[in-house]
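> Residue 63 is where the sequence shown starts when you use the working numbering, and the numbers rise one by one after that.
Virtual Cβ for every residue (Gly too), placed ideally from N, Cα, C.
Here the structure is a predicted model, which is why all the values come from computation and not from measurement.
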Amino acid sequence: MTTEVATAAASGASATERFHSDKSPFAAVAHTAPERVDRLARRVLDAIYDTIRDEKVTYDEYNALKAWLINVGEDGEWPLFLDVWVEHVVEEVATDHREGSKGTIEGPYYVPDAPEHGSKGTVDMREGESGTPLVWTGTVTSTDGTVLENALVELWHADADGFYSQFAPGIPEWNLRGNFRTDAAGAFEIHTIQPAPYQIPTDGSCGKLIAAAGWHAWRPAHLHVKVSAPGHELLTAQLYFPGDVHNDDDIASAVKPELLLAPVPQADGSVSVDYGFVLDPT
Ligand code: MBD
Ligand code: FE
63 MTTEVATAAA SGASATERFH SDKSPFAAVA HTAPERVDRL ARRVLDAIYD
113 TIRDEKVTYD EYNALKAWLI NVGEDGEWPL FLDVWVEHVV EEVATDHREG
163 SKGTIEGPYY VPDAPEHGSK GTVDMREGES GTPLVWTGTV TSTDGTVLEN
213 ALVELWHADA DGFYSQFAPG IPEWNLRGNF RTDAAGAFEI HTIQPAPYQI
263 PTDGSCGKLI AAAGWHAWRP AHLHVKVSAP GHELLTAQLY FPGDVHNDDD
313 IASAVKPELL LAPVPQADGS VSVDYGFVLD PT
């Protein structure tokens, strides 16, 4: 039997393709004034010049950087690089005004239009999918306390080996990805398994940076979710499990105390968790 191996280049290519299949990111900024582009580009370049001068960066280091940047593109790892090391600050600025639930970064592995399961159901999983069964109940409300019926809760997460369907080989298309709709009481009930801590690919350019800098590649175990309802801001979040050793040193800097679950072990070996969302009106 041959087992397909997950490679940075393959998951990177999938993530790049996924990003490209979204509507053009350029359309939303088509009317940006040249003054703003000039200002942003200048500030980024100035930060680079300051680093080169302060640190006396050598030609060897400059050429290594050039080669590395080229490799990131060849590996398709720009989505991974940006979402791991940059997105958390964009998310912080974008959601600073919110009164409802805290969110965090989306990361590179969201796929829209997963199978729908109504207000209560089980995400697609393989026969004997490994991992502790998890039952997650919650409600979606507006900041004024109004219950939101028919809100969309999109869930995606890694399996017990830390792999995402559609970004690692040999996993059914919609494995551990599913969409739910809140009922008349704004409630949902999701049955899935608890994901494992996740290591970003170490065999590509991001891994090369991590090794060269003496960092680690880990994210704590997490559930990804997008929660949306008409007239409300889209909430993108991740939920984490208490006690995970990487909650305090997430490589993607995406953990917030408000996003920690309080799972309750059940007699049958499963774990129950109650966690709901409060959306800000637009
Ligand atoms: C992930 O699963 C993830 O959530 C992020 C933010 C980056 C890389 C992999
Ligand atoms: Fe993730």
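Excluding the 5 residues flanking residue 295 on each side, which residues of the same chain have their C-beta closer than 6 angstroms to its C-beta?
In the sequence shown, the residue the question calls residue 295 occupies position 233. Closer than 6 angstroms at the Cβ level, and outside the excluded window around residue 295, lie 342, 344.
> Is the number of C-beta pairs between the stretch 270–279 and the stretch 207–216 that are closer than 8 angstroms three or more?
no
> Could you name the residues of the same chain whose beta carbon sits closer than 8 angstroms to that of residue 235, not counting the 5 residues immediately before and after it, in chain order?
For the purposes of this step, residue 235 is taken as residue 173 along the sequence shown, with counting starting at 1. So the qualifying residues of the chain are 227, 228.
> Please report the residue range of the beta strand (DSSP E) in which residue 336 lies.
Counting from 1 along the sequence shown, the entry for residue 336 is found at position 274. Per DSSP, residue 336 belongs to the beta strand (DSSP E) from 333–336.
> Measuring from the CB of residue 169, is there a heavy atom of the ligand MBD at a distance below 8 angstroms?
Here the question's residue 169 lines up with position 107 in the sequence shown. At least one heavy atom of the ligand MBD sits closer than 8 angstroms to the Cβ of residue 169.
> First and last residue of the beta strand (DSSP E) that includes residue 130?
Working through the sequence shown from its first residue, we reach residue 130 at position 68. Segment 121–136 is the alpha helix (DSSP H) holding residue 130; no beta strand (DSSP E) there.
> By how many angstroms is the C-alpha of residue 200 removed from the C-alpha of residue 64?
In the sequence shown, the residue the question calls residue 64 occupies position 2. In the sequence shown, the residue the question calls residue 200 occupies position 138. Any reading at residue 64 must be qualified, since the residue scores a pLDDT of 43, below 50, and its modelled position is unreliable; no value is offered.
> Whose CA, out of 94, 215, 189, lies closest to the CA of residue 240?
Taking the first residue of the sequence shown as 1, we reach residue 240 at position 178. Residue 215 is the option with its Cα nearest to residue 240.
> Tell me which same chain residues have a C-beta within less than 6 angstroms of the C-beta of residue 257, skipping the five on either side of it?
In the sequence shown, counting from the first residue as 1, residue 257 sits at position 195. Hits under 6 angstroms: 219, 220, 283.
> Have a look at 107, 66, 340, 76 and flag the residue whose alpha-carbon is nearest the alpha-carbon of residue 293.
By 1-based counting over the sequence shown, the position of residue 293 is 231. It is 340 whose Cα lies nearest to the Cα of residue 293.
> Does DSSP put residue 64 in a helix, a strand or coil?
Looking up residue 64 in the sequence shown gives position 2. Because residue 64 carries a pLDDT of 43, less than 50, the predicted location of this residue cannot be relied on, and no value is offered for it.
> Closest by CA to residue 288, which one among 175, 311, 232?
Locating residue 288 in the sequence shown gives position 226, where the first residue counts as 1. Of 175, 311, 232, the residue nearest in Cα terms is 175.
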